[in-house]
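Input: a single structure, listed below in structure tokens.
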Amino acid sequence: MNERIKKLRQQSIDAVPTMSHERAHLLTEFYKSGEPQKHSVPVARALAFKYILERKELCVNDGELFVGEKGPAPKATPTYPELCVHSEQDLEILHNREKVWFKSDEETRQIMLKEVAPFWKGKSIREKILDEVDQRWRDAYNAGIFTEFMEQRAPGHTVGDDKIFRKGMLDFKKEIQDAINSLDFYNDPEAFTKREQLQAMEIAANALIVYAQRYSKKLLELAAKEKNIERKNELETMAGICSRVPANAPKTFWEALQYYWFVHLGVTTELNTWDSFNPGRLDQHLYPFFKRDIESGLLTEEQAHELLQSFWIKFNNQPAPPKVGVTAQESNTYTDFCLINIGGLTEKGEDASNEMSYMLLDTIEEMRLLQPSSMVQVSKKNPDRLLRRALNIIKTGYGQPSIFNTDAIIQELTRQGKSIIDARCGGASGCVEAGAFGKEAYILTGYFNIPKILEITLNNGFDPFTQKQIGLKTGDPNSFTSFDELYDAFEKQFNHFIDIKIKGSIIIERIYAQYMPSPFLSILIDDCIKKGKDYNAGGARYNSSYIQGVGLGTITDSLSSIKFNVFDKKNFTMKQMLEILEKNFENKKEEQEKLLFFTPKYGNDDDYADDLTCRVFETYFKAVDGKPNTRGGHFRINLLPTTCHVYFGSVLGATPDGRFANEPVSEGISPVQGADVHGPTSVIKSASKIDHLRTGGTLLNQKFTPNFLETDEGIEKVLQLIRTYFKLDGHHIQFNVVNAETLREAQKHPEKYRDLIVRVAGYSDYFVDLGEYLQNEIIKRTEHTG
Amino acid sequence: MMQNTGYIFDIKKYSVNDGPGIRTTVFFKGCPLNCWWCHNPESQRGEPEKVDQCTFRWNLSNDYSKRNSIGSQVLVEEVMKEVEKDLPFYEESNGGVTFSGGEPMLQVDFLHSLLLECKKKDIQTAIDTTGFTSINDFEKIYDITDIFLYDLKLIDDKLHYKYCGVSNKMIHENLKMLSSQGEKIILRLPIIPTITDTEQNIFETMSFISALKNIQEIDLLPYHQSAKSKYERMQKENKVAELIPPTKEYMNELRNKFLQLDIPVKIGG
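Sequence lines, in order, name chains A and B.
For the first sequence, this note's numbering begins at 1 and goes up steadily by one.
For the second sequence, this note's numbering begins at 1001 and goes up steadily by one.
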């Protein structure tokens, strides 16, 4: 890392996340002007986008090689009052909370509270949503049965493909014009609507060009004043780049990166799209530029490296938009889930890894920044070298990159009806979501609290948390004479709440389609231009809506516990079980111990428990998969939690698996913490019993200590573990290399860390089985390496 | 003779130090030796035994009534069911199953049945043995075993008797015999400071090995204190509690020394 990059990186790390009122102010000014009311909704939205890009402050950080920030400065984070309005209390919480804060100064508070909030109050999408959904939806939402993604952030969840590296905004404008010219006003009743939409796209394309040209001018001004000749040349080069892209297709490596960056800012300025935006298969996109520039002598490898590092820093300057309401209190990450894909297959289905794949991995290792996120796609056709390189980064304990199974992703996508080519050019985004990059709107609608459904079932439809009857009356559990009877009741409640969620999502989809089109994003995703339809209204080639299941481990272990302890072994009656849970195990230590340690659990390759995992999976799949959404696509399932398992646990009483009330539920498809005692191969076997290929993504977390991965042999054994999981159609695995703090926790609470493997002198063992002395030694060692 | 039941005390998956690849290790209960540094003291007695307090992994059955006991009688089918679960991992890594202990040869008929089942199912097998058993027993299973992880502790018989409780004559004879038969032997040398790790024993061990044929690999197993808490829980006397584990640097030196034998040497299994 050279001095320039060191400095820029440090600046990015040190930059204080602040609320920026700039975007909210410009948007409000525009909507107050009376201009939007003269136009259709999409055209008004496009004009607002243009209004902002024509006026927003330009920022050129000292020494940087790419220009453009979402706010006026690094980590100055805009808000989106047309979606949700920050109240005084929200600003307070965001300013003062201990983690993931956003500072706001007096000026910002004044503008946000005196000018922005009063104007948007009653007009925001969040308020519309909460007005339009049913009471049943609100009850379930308040009980923590599910969350709703679109109440504060716009649908996005999408990724760019190679088109921006082949076409400039001028090319897109031409395509838009062609689409307008071919509209058939005589036979197509939608022709006018389509024209409005297409005109909005054209305005948005122009807006981005204008924004870049403003930068070009600014850079020339700075160059004229610059004393340092080297920097002066650089500024002039950058000015040239900004005058050529994004208007035209990029011709060089540097142009390609700056072009993407303008597009990224465009998407995330238009709306606060989920998962920000993402260049997707970056190694594939960049390699041709890299190769050409190196061959022509325009670029050295060292320069390419510096550009990539500098590019990385731009992502880190953009924290995820600050939330409002309860989520402002709980949301605890700055990460905006821009997941760079490396490796995978080519369009023809061949190994796609190239020199650029390894350069990107080098960049990840050197930069060690929170953002962007990164992952490696591994197909059976990719060489071990790629996986080994990734593992050598993972072992440093930085949590990146995560590892995905390309072959599974392709099968998941084709099962949903995508063409094999579109599937091969896709990958995963956000956390783990499979998508056809550049061609799909795959909207995550919210998390679904599966263990909570059992709690409602065990209370005959009553929710102890909100003290309301919110579910069906499926019968007093004491009257159930078999496990199947209980399961039937559980399944009925499950379907009931899924239906409530789906109806809500359909309403919300229409709200976005009608009130909140995104013309700029629509340019980037096929076939919005061709169809003359917005991204949010079904313009994409593929349109999926996901419901993300949470707590697969907790629900399996809870059902397994009832089956085992109540019906099969008759250790307790149902009445006793319910009492134990109601008392939250108070004075019931022995009973809790039986539930925790002497009951079959998910994650141990034990069919007694795992059959129930599969049963829940089928219930969930049947309830959701294939139901139509309003965008011409279907609802699908995936299994990932982000951090929602903590919230879902907080609204849930004690569970039959021995879990205390309010503790987190299990995350992704990982076992309940400490429930897996037979090591990683058993976890992998259990996790691969569900059919990953019928999901749009699953998340499996595995813990290792750094010392296990210290040797090449350790790396090799983990590599084999991953290859086997992928052979079994596993979708994704990520390795959490634990730190000393976690090990100290494990020493205090061994029951929760029964799966943790460490390397002792020359061999490996379970951490909890080691004596205190040795544990302390390993903790000390980890402190050094970590 | 074949036997359908035997005593084991653990089945450990993702075992990565008991032979090549990813393995499942089946720990047999019962051992004729009584080594001072034994890191599986729960393996020594032949029958299941009670302890005051189990570790979090000692009892892996869901039977609450057995919560304070170590070891149980199991059927060949039960062991095989667990072993076969990880087949995809063995295939990916060229791994398999390791029968360890305790001393698996002590239950040779049970072991024989297990080995035959593995052979039938194309699962690679390794036996981790002290070598302290009659040569007839080895002959029974030699052809259906892929790898022997053979311990070599002390060459001086008096010392061996003192620290391991038995003479090493039969152990050494069996090793010479087995190694003459084919390329199946990985030697395992516990490096216990002041006991096996003495200048004399290292020298004698090296000359002993140099006279053997067909040794595939030498594994140097440095002493570690992981069993300390097991001794405490079982209320057994730990005679090596005060020993200091050898350093990484020292182990590398030792490795270099053994490399003179022109056999691959590994630290750890």
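Backbone N, C-alpha and C fix where the C-beta goes; we use that ideal spot for every residue, glycine too.
Keep in mind the model is a prediction, meaning the values are calculated, not measured.
A contact is defined here as three or more CB-CB pairs under 8 Å, and the stretch 528-535 of chain A fails this definition with respect to the stretch 639-650 of chain A. Nearest to I342 (chain A) by C-alpha distance, out of A:L719, A:D336 and A:S373, is A:S373. Cβ contact annotation for L1111 (chain B) (same chain, cutoff 8 Å, sequence separation greater than five): G1006, F1028, F1099, P1104, M1105, I1127 and I1141, in chain order. A Cβ-Cβ separation of about 10 Å leaves G438 (chain A) out of contact with N278 (chain A) under the 8 Å criterion.
Cβ contact annotation for I1185 (chain B) (same chain, cutoff 7 Å, sequence separation greater than five): F1148, Y1150, L1178, S1179, N1214, I1215 and Q1216, in chain order. As computed with DSSP, K703 (chain A) is found in a beta bridge with A:N736. Here P78 (chain A) really is in contact with E22 (chain A); their C-beta atoms are around 6 Å apart, less than 8 Å.
In the three-state DSSP reduction, P600 (chain A) falls in the coil class, being neither helix nor strand.
Close CB contacts of L265 (chain A) within its chain, under the 7 Å cut and outside five residues either way in sequence, are with G68 and K70 (chain order). Annotation: the continuous beta strand (DSSP E) that includes L1189 (chain B) extends over I1185 to I1191. The way I'd put it, the stretch 116-125 of chain A doesn't touch the stretch 90-102 of chain A; fewer than three beta-carbon pairs between them come closer than 8 Å.
9 Å or more divides the Cβ of R153 (chain A) from the Cβ of N248 (chain A). When the beta-carbon positions are compared, I1155 (chain B) and N1201 (chain B) come within less than 9 Å of each other.
In this structure, A:H732 is the residue among A:Q377, A:H732 and A:F262 with its C-alpha nearest to the C-alpha of V432 (chain A).
A check of alpha carbon separations from A675 (chain A) across A:K752, A:A44, A:E234 and A:L208 identifies A:K752 as the nearest. Chain order gives the chain A residues near D1086 (chain B) as T681, where near means a beta carbon separation below 7 Å.
By the Cβ neighbour-count rule, K225 (chain A) is exposed, with fewer than 16 other Cβ atoms within 10 Å of its own.
Looking at the DSSP output, N638 (chain A) bridges to A:Q548. Here the C-alpha atom of Q309 (chain A) lies approximately 23 Å from the C-alpha atom of S243 (chain A). Under the three-state reduction of DSSP output, K588 (chain A) falls in the coil class, being neither helix nor strand.
Bounds of the beta strand (DSSP E) holding D1219 (chain B) are I1215 to P1222. As summarised for the stretch 212-248 of chain A, the continuous alpha helix (DSSP H) elements at least 4 residues long and confined to that stretch are 229-244, given in chain order. About 10 Å separates the Cβ atoms of I580 (chain A) and E590 (chain A), ruling out a contact at the 8 Å cut-off. Listed along the chain, the chain B residues whose CB falls inside 7 Å of the CB of G63 (chain A) amount to none; the nearest CB is some 43 Å away.
Contact between the stretch 438-458 of chain A and the stretch 487-504 of chain A is established, with three or more Cβ pairs separated by less than 8 Å. Three or more beta-carbon pairs drawn from the stretch 535-552 of chain A and the stretch 619-634 of chain A are found closer than 8 Å, and the two stretches are therefore classed as touching. When the Cα atoms are used, F262 (chain A) and P246 (chain A) turn out to be separated by approximately 7 Å.
When A:R424, A:S482, A:Q37 and A:G471 are compared, the shortest CA-CA separation from K501 (chain A) is found for A:G471.
Listed along chain A is no residue with a C-beta nearer than 9 Å to that of N1238 (chain B); the closest approach is about 10 Å. In chain order, N536 and A537 place their CB closer than 6 Å to the CB of A513 (chain A), counting only its own chain and leaving out the 5 sequence neighbours on each side.
It is roughly 9 Å from the alpha-carbon of L220 (chain A) to the alpha-carbon of T237 (chain A).
In this structure L743 (chain A) is buried. Its beta-carbon is surrounded by 16 or more other beta-carbon atoms within 10 angstroms. For the stretch 1224-1255 of chain B, the beta-carbon criterion of a distance under 7 Å to any beta-carbon of chain A is satisfied by H1224, Q1225, S1226, K1228, S1229 and P1245.
The stretch 346-361 of chain A makes no contact with the stretch 165-176 of chain A, as fewer than three CB pairs between them are under 8 Å. With fewer than 16 other Cβ atoms from the protein chains shown falling within 10 Å of its own Cβ, I13 (chain A) counts as exposed.
Exclusion of the five residues before and after Y141 (chain A) leaves E148 as the residues of its chain whose Cβ lies within less than 7 Å of its Cβ.
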